[in-house]
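Asker: If you scroll down you'll find the structure; I have some questions about it.
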Amino acid sequence: MSSNRIYFFDTTLRDGEQSPGVSLNIKEKLEIARQLTRLGVDVIEAGFPIASPGDFAAVQAIAREIRGATIAALARANQLDIDRAWEAIREAEEPRIHTFIATSDIHLQYKLQKSREEVLAQAVEAVKYACRYTPNVEFSAEDAFRSDIDYLAQVVTAVIDAGAKVVNIPDTVGYATPEEFGAFIRELREKVPNRDQAIFSVHCHNDLGLAVANSLAAILAGAQQVECTINGIGERAGNAALEEIVMALYTRRSIFQKEFRIVTEEIYRTSRLVSALTGMKVQPNKAVVGKNAFAHESGIHQDGVLKNRATYEIMNPELIGLHKNTIVLGKHSGRHAFRDRLQQLGYQLEGEQLEQAFQRFKELADRKGEISDEDLLVIVEGEILRVPETYTLEYFHISSGSAVVPTATVVLTRAGERLEEAACGDGPVDAIYKAIDKLTGNTGCLVHYALNAVTGGKDALGEVTVRLKDDKGKIFVGRGLSTDVLEASARAYVDALNKLEYERALGLVNGEQVRESV
Ligand SMILES: [Zn+2]
Numbered sequence: 009m010s011s012n013r014i015y016f017f018d019t020t021l022r023d024g025e026q027s028p029g030v031s032l033n034i035k036e037k038l039e040i041a042r043q044l045t046r047l048g049v050d051v052i053e054a055g056f057p058i059a060s061p062g063d064f065a066a067v068q069a070i071a072r073e074i075r076g077a078t079i080a081a082l083a084r085a086n087q088l089d090i091d092r093a094w095e096a097i098r099e100a101e102e103p104r105i106h107t108f109i110a111t112s113d114i115h116l117q118y119k120l121q122k123s124r125e126e127v128l129a130q131a132v133e134a135v136k137y138a139c140r141y142t143p144n145v146e147f148s149a150e151d152a153f154r155s156d157i158d159y160l161a162q163v164v165t166a167v168i169d170a171g172a173k174v175v176n177i178p179d180t181v182g183y184a185t186p187e188e189f190g191a192f193i194r195e196l197r198e199k200v201p202n203r204d205q206a207i208f209s210v211h212c213h214n215d216l217g218l219a220v221a222n223s224l225a226a227i228l229a230g231a232q233q234v235e236c237t238i239n240g241i242g243e244r245a246g247n248a249a250l251e252e253i254v255m256a257l258y259t260r261r262s263i264f265q266k267e268f269r270i271v272t273e274e275i276y277r278t279s280r281l282v283s284a285l286t287g288m289k290v291q292p293n294k295a296v297v298g299k300n301a302f303a304h305e306s307g308i309h310q311d312g313v314l315k316n317r318a319t320y321e322i323m324n325p326e327l328i329g330l331h332k333n334t335i336v337l338g339k340h341s342g343r344h345a346f347r348d349r350l351q352q353l354g355y356q357l358e359g360e361q362l363e364q365a366f367q368r369f370k371e372l373a374d375r376k377g378e379i380s381d382e383d384l385l386v387i388v389e390g391e392i393l394r395v396p397e398t399y400t401l402e403y404f405h406i407s408s409g410s411a412v413v414p415t416a417t418v419v420l421t422r423a424g425e426r427l428e429e430a431a432c433g434d435g436p437v438d439a440i441y442k443a444i445d446k447l448t449g450n451t452g453c454l455v456h457y458a459l460n461a462v463t464g465g466k467d468a469l470g471e472v473t474v475r476l477k478d479d480k481g482k483i484f485v486g487r488g489l490s491t492d493v494l495e496a497s498a499r500a501y502v503d504a505l506n507k508l509e510y511e512r513a514l515g516l517v518n519g520e521q522v523r524e525s526v
């Protein structure tokens, strides 16, 4: 293997999915995994199989379908976790067991209540046990950066001897600064005599906004694998953002001189997809993929960029797959044009899916006239990920105004049966949601509601994202799209309820969720 090669280990589906309020179903996880494969990541960490039946099923589905990337599953350093992880990924083209245990004294004392010797022995035993299933074993020392470096070096040396092919050094709590972290990785490598028999990896959290900087410092210090997520999502302040590391390595390649397999042109689409499915919006000023990242508002800058892009632009937006937003389709566009444009945007829709997306497109084009690429992407993301519908929104009527109590009448169908209810609320959206609750017997509660305009202008498509929490605390994200914000709101709510029903039908809603962080 070339020592200049950097391996990208994406943990959007494991660490990213642990972001507060994020919950992805199997369909959504598969769609993200497919896109991560197009993006060219080396390793997809698909989940933590022992955490819940839902996690297990998603990891297994990804392992069965995805080709062209290593599929990793997380396991604590014990046989039960490792058995379960292997069971989930065994059908992958290139499965990897990722086992971990904490090595910092603070974790040993308070979390594990174990001595250094006990943890060392457990780590070695876990790696040996995992190696009975596959030679592709990664070991992570949780809270590595706050561990005693000599003890950490001892653990790392021992797990490499035990067969670990990748050793991951996380800054689990996001405490390091770049110079310090680079020096830490360099020193650690020097203290590990068998360092050449394994790939050194880093996993940085963003509590001080330094996750990307720390990852880059580690690369300069000899790390060959970086663990990161799309849009930097993850617990608390998140993980290192994949797209930022990639574009730093590319844009400043004279400094880093590293090679990687990421297809940069897929970055923007991946970012959008993850944002849409997790309901975690990307901040406008976010590096690389934020809405404003390539927008030049100031007149002086605009003038400069028009004369020569290099005056104020260090990256070409086309490099990340961001193309000028051109209006391409209208209400007279046919199925063929629609499908062609989707193909150009990277979506292969066939049969029923194509038909449904096309119908949705026609409805919106009739109202809006012109449909931009941006609009198209939102339509497609919504349609291809629609779960089988238990409830379909047929009709709603609102009576509202400054002097009346808002009242909504809603009609849903369920298995061909027409259901109708009316309810009052504090506002029109509240009234609609109360009517839907009556119709569906929903007892979950709405914990988040957000409205976004997809593109500019008065006739912009409104996109509503809701998060619904069920009795057991599980979150379901629903999305709705329409030129009418009330309709978008109703659709989003029904979508969340359909996802809840979908998971119930799969039997994945029960059981405690085990949460672990690395
Ligand atoms: Zn983490």
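The numbering of the sequence shown is our numbering, which starts it at 9 and goes up by one.
A virtual CB, placed ideally from N, CA and C, is assigned to each residue, including glycine.
(1) Expressed to the nearest angstrom, what Euclidean distance is found between the alpha-carbon atoms of R349 and G390?
(2) Looking at the structure shown, is P325 part of a helix, part of a strand, or coil, going by DSSP?
(3) So A184 packs on F153, CB below 8 Å; how close in whole Å?
(4) Count the other CB atoms within 10 Å of the CB of Q265; is the residue buried (16 or more) or exposed (fewer)?
(5) Please look up how many angstroms separate the CB atoms of L38 and E95, rounded, as I've assumed it's under 8 Å.
(6) Flag this pair as yes or no: are the beta carbons of A100 and I79 separated by less than 8 Å?
(7) Start and end of the beta strand (DSSP E) containing Y15?
(8) Using a threshold of 7 Å, is the CB atom of T319 nearer than that to any non-hydrogen atom of ligand 1?
(9) Cα separation between E321 and A249?
(10) CB of V297 to nearest heavy atom of ligand 1: below 7 Å?
(11) Count the other C-beta atoms from every protein chain shown that fall within 10 angstroms of the C-beta of R84, then say buried if there are 16 or more, exposed otherwise.
(12) Is E251 closer than 8 Å to V282 when the C-beta atoms are compared?
(13) Here's a check: name, in chain order, each residue in its chain whose Cβ is nearer than 7 Å to the Cβ of T451, leaving out the five neighbours to either side.
(14) How long is the line joining the alpha carbons of A345 and I392, rounded to whole angstroms?
(15) For R203, which three-state DSSP category applies?
(16) How far does the beta strand (DSSP E) with I52 in it extend, from its first residue to its last?
(17) Near Q162, which residues of its chain fall below 8 Å by C-beta distance, leaving aside the five closest residues on each side in sequence?
(18) Just list the residues that DSSP pairs F484 with in beta bridges.
(19) Is DSSP giving L180 helix, strand or coil here?
(20) Quick one: Cα of V472 to Cα of A496, how far?
(21) How about the region 350 to 370 and the region 391 to 411: do they share at least three Cβ pairs that are nearer than 8 Å?
(22) Does the pairing of the region 230 to 243 with the region 23 to 31 give three or more beta-carbon distances under 8 Å?
(23) In this structure, does DSSP put L337 in helix, strand or coil?
(24) If we count the other Cβ atoms within 10 Å of its Cβ and call it buried at 16 or more, is Y118 buried or exposed?
(25) Given the structure, does G240 come close to ligand 1, in the sense that its CB is under 7 Å from one of the ligand's heavy atoms?
(26) Quick one: grab the DSSP three-state call for Y399.
(27) Which residues does DSSP list as the beta-bridge partners of V418?
(28) CA-CA distance, N506 and L353?
(29) Cβ-heavy atom distance between V472 and ligand 1 below 7 Å?
(30) In whole angstroms, give me the CA-to-CA distance for N324 and L516.
(31) Are the CB atoms of I406 and L489 nearer to each other than 8 Å?
(32) Report whether the distance from the Cβ of H211 to the nearest heavy atom of ligand 1 is below 7 Å.
(33) Assuming contact is defined by CB atoms lying nearer than 8 Å, are K122 and D158 in contact in what I supplied?
(34) By DSSP, does E382 sit in helix, in strand, or in coil?
Answerer: The relevant details are as follows:
(1) Straight-line Cα distance between these residues: approximately 17 Å.
(2) The answer is helix: DSSP assigns P325 an H, G or I state.
(3) 5 Å
(4) exposed
(5) Not confirmed; about 18 Å, so no contact.
(6) yes
(7) Y15 to D18
(8) T319: no, Cβ never under 7 Å from ligand 1.
(9) 20 Å
(10) Answer for V297: no, Cβ out of range of ligand 1.
(11) buried
(12) no
(13) The answer, listed in chain order, is D479.
(14) A direct Cα-Cα distance of roughly 18 Å separates A345 from I392.
(15) helix
(16) Where I52 is concerned, the enclosing beta strand (DSSP E) starts and stops at V51 to G55.
(17) For Q162, same chain residues with a beta-carbon under 8 Å away, outside a window of 5 residues either side, are L128 in chain order.
(18) L476
(19) The sequence shown places Thr at residue 180, not Leu. Coil, per DSSP.
(20) 6 Å
(21) yes
(22) yes
(23) strand
(24) exposed
(25) no
(26) It is a strand residue.
(27) F404 and E429
(28) 28 Å
(29) No - ligand 1 has no heavy atom lying nearer than 7 Å to the Cβ of V472.
(30) 44 Å
(31) No, Cβ-Cβ distance for I406 and L489 is not below 8 Å.
(32) yes
(33) no
(34) helix
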